[in-house]
Amino acid sequence: MNLTRRDAMALGLGATAVALLPLRASAAADDAIAAFTGGAEAGEGGITLTAPEIAENGNTVPISVDAPGAVAIAVYATGNPTPGIAVFNFGPLAGSQMASTRVRLAGTQDVVAIAKMADGSFVKTSSTVKVTIGGCGG
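Numbering (mature numbering (1 follows the signal peptide of the UniProt record, and there is no 0)), first residue to last: -27 to -1, 1 to 111.
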């Protein structure tokens, strides 16, 4: 096999582009989170995210979030092309500030939940979900 300088440059540029793709997806998640929080820093605690550690099928991953005293909860998948999964809003007559759903994940990634509390502060938590393909690893 003959590798010319032009071929080496093309391979190098292609590898660089592929390496930067996860950074762009992560930046999209950071932008979406900043839009929800208005740029405010989110604290820890006061919110619970339940997601499986390993999901055999990325098409239907069950998650649930619980944040007592929250007025809204946003859920993001940092590795998805469109990171925003859902925003749950709770009114004054809500019995509990809890929601559950099934989400679609593109691969192994972090799922982030951010709650806007009644006092205007934000709290967040995250969970890494490993998505396997056919149960053989991912």
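Heads up, the beta-carbon is just placed ideally off N, CA and C, and yes, glycines get one too.
- Query: Helix, strand or coil for residue 42 per DSSP?
  - Reply: Here the question's residue 42 lines up with position 69 in the sequence shown. Coil, per DSSP.
- Thinking residue 70 and residue 31 are a contact (beta carbons under 8 Å), I'd like their distance in whole angstroms, please. The residue you call residue 70 lines up with position 97 of the sequence shown. The residue you call residue 31 lines up with position 58 of the sequence shown. About 27 Å separates the two Cβ atoms, so there is no contact after all.
- What three-state label does DSSP hand residue 78 in the structure shown? Within the sequence shown, the letter at position 105 stands for residue 78. In the three-state reduction of the DSSP assignment, residue 78 falls in the coil class, being assigned neither a helical nor a strand state.
- Item | Cβ-based neighbour list, residue 78, same chain, cut-off 8 Å, excluding 5 preceding and 5 following | Your numbering for residue 78 matches position 105 in the sequence shown. The residues are 28, 31, 34, 50, 52, 53, 84, 102 and 104.
- Can the beta-carbon of residue 38 be found less than 9 Å from the beta-carbon of residue 9? As a working note, residue 38 is residue 65 in the sequence shown. As a working note, residue 9 is residue 36 in the sequence shown. Contact: no.
- Excluding sequence positions up to five away, which residues of its chain have a Cβ less than 7 Å from the Cβ of residue -22? Within the sequence shown, residue -22 is the residue found at index 6, counting from 1. Nothing meets the Cβ criterion.
- How long is the line joining the alpha carbons of residue 44 and residue 80, rounded to whole angstroms? Stepping through the sequence shown from its first residue, residue 44 is reached at position 71. Stepping through the sequence shown from its first residue, residue 80 is reached at position 107. Looking at the two C-alpha atoms, the distance is approximately 30 Å.
- Can you tell me which of the three DSSP states residue 21 falls into? To locate residue 21, count along the sequence shown from 1; it is residue 48. In this structure, residue 21 counts as strand in the three-state DSSP scheme.
- Item | residue 28 - partner residues in DSSP beta bridges | Here residue 28 refers to the residue found at position 55 of the sequence shown. DSSP output for residue 28 lists 104 as bridge partner(s).
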